[in-house]
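Basically this note's numbering = 1-based index in the sequence shown + 9.
Accompanying notes for the structure given below.
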Amino acid sequence: MNSQDSFSFTRCLSGGQLLELDACTQCGECLKYCPVQEVTGDRSVSPPEKIRHFKEFIKKTSGLRRWLFAGGRIDENLLQDFTKAVFECTTCGACGQACTVGIHTQRLWPMLRREMVKRGLGPVGQQKETPEAVSRTGNPYGKPSGERFSWFLASEAKVAEKAKLGYYAGCTGAYEAKPMVRGDVLALSRVGEPFTMLPPEEEVCCGFPLFITGQFELLEGLVKRLAGAYAAKGVETLICSCPCCVNMISRDWPSFYGRRLPFRAMHISQYIDRALRDSRLSIAKALDERLIYHDPCYLSRGLGITEEPRDILSRIPGAKLLEFERNRTNSRCCGSGGAARKVFRDNALAIFRLAINEACEKKADRLVLSCPACYSVAGAALEGYDRQVDVVDIMELLSEVF
Ligand code: SF4
Ligand code: SF4
């Protein structure tokens, strides 16, 4: 497909999203919150710039103007710069949270990405390899499926063949944030409700890295395969370690599945918080530490889950909970969202180092995370950096105090 194929740029957007584009007043309020702009100083990634350019593309390729202005040709360099800006964004949604007219940017940006993919302009860099890696191995990292979670299951958890409760480790957790998946499984085991998992070869990608990079071809197959497998195990509630998986499953799986899902998805922090409240789980040990909790974008702004992790941490005797200046639905992205961390690695490291700096300034003993993408970028950002703080996943931490 040629990037200048003269169909309109509106094919991937809903009517509501077209109205959102029109509603942007270019007020610039959202500029204060964009983490990419904060570390690069580049305004091209900012929402008003992206929206202004995209509206120009729509005008040039729609209706009368297309006929009047040479078939709506758009400058190739502008298209390429725009594509980079759209894919450099972490889709953190902080701009949407601050938007004065309520534009839901966490949903809008992926659709702009999809449009650029349809024109053969995106995705960028290593993102292009994701479909092949998922097809070949079941995960976007291209790692062997047999290694997915064989490293902990046999010795540490009793996994039921069938159960109403299912656990989906997710690719980033299983391959890049193993301690957090181990923490999840230990916490689930401690609650004692039987839970089931798919065998490592069957637990494939939830589709989020493909969805978020606008590459939709494999999605229907992945969703049907996973949803069918969990339904066959009798799962009614599917627990995930990754907020992006929960977003993908609850919001987007039904459209690829073709009907309502036979189960609901839930983040591990929701389930464990409920177990603590119901006294199905208790904390036995104290922890004399200052903890600072980072809200992941897709957990806080995506799902509105901000209090459950804090409730869990506040139940640990002796622990003092600190807050980042930007917290809850106003949190700053870790830098790795939207499949940006592999391609725009320097941005991701610089953004996470802002969190390290603040955690150090507030004298936190540990920086607590609850998302495998945050966990993965944290390790890379700490490497060779002159400021250091211990990083821990919330379930990894909890498993220390049972
Ligand atoms: S979603 Fe996040 S990274 Fe993307 S433009 Fe908005 S604030 Fe910036
Ligand atoms: S805050 Fe909303 S309306 Fe204002 S520039 Fe940003 S996206 Fe546009």
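Ideal placement from N, C-alpha and C gives every residue a C-beta, glycine not left out.
- 7 Å or more divides the Cβ of residue 306 from the Cβ of residue 257.
- Here residue 86 is exposed. Its C-beta has fewer than 16 other C-beta atoms within 10 Å.
- The alpha-carbon of residue 285 is positioned some 6 Å away from that of residue 291.
- Taking 3 residues as the shortest admissible run, the segment 135-206 contains the following complete beta strand (DSSP E) segments, listed from N- to C-terminal end: 174-177.
- For residue 280, the enclosing alpha helix (DSSP H) starts and ends at 277-286.
- Note on residue 52: under 16 other CB atoms within 10 angstroms of its CB, so exposed under the neighbour-count rule.
- A distance below 7 Å separates the beta carbons of residue 360 and residue 344.
- No heavy atom of ligand 2 is found nearer than 6 Å to the CB of residue 314.
- Counting along the chain, residue 354 sits inside the alpha helix (DSSP H) bounded by residues 354-370.
- Spatial neighbours of residue 166 in its own chain (CB-CB distance under 8 Å, excluding positions within 5 residues in sequence) are listed in chain order as 194, 195, 197 and 198.
- Taking the Cβ of residue 102 as the reference point, at least one heavy atom of ligand 1 falls within a distance shorter than 6 Å.
- A Cβ-Cβ contact shorter than 7 Å links residue 92 with residue 125.
- Closest in C-alpha terms to residue 253, from the list 313, 300 and 283, comes 313.
- At least one heavy atom of ligand 1 sits closer than 6 Å to the Cβ of residue 56.
- Excluding five sequence positions before and after residue 318, the CB atoms of its chain that fall closer than 7 Å to its own CB belong to 278, 302, 379 and 403, given in chain order.
- For residue 33, the CB falls within less than 6 Å of some heavy atom of ligand 2.
- The Cβ neighbour count for residue 395, taken over all protein chains shown within 10 Å, is under 16; the residue is labelled exposed.
- Around the Cβ of residue 340, a 10 Å sphere holds 16 or more other Cβ atoms; the residue is buried.
- A distance criterion of 6 Å places the beta-carbon of residue 109 in contact range of ligand 2, judged by its closest non-hydrogen atom.
- By the neighbour-count definition (other C-beta atoms within 10 Å, threshold 16), residue 140 is a buried residue.
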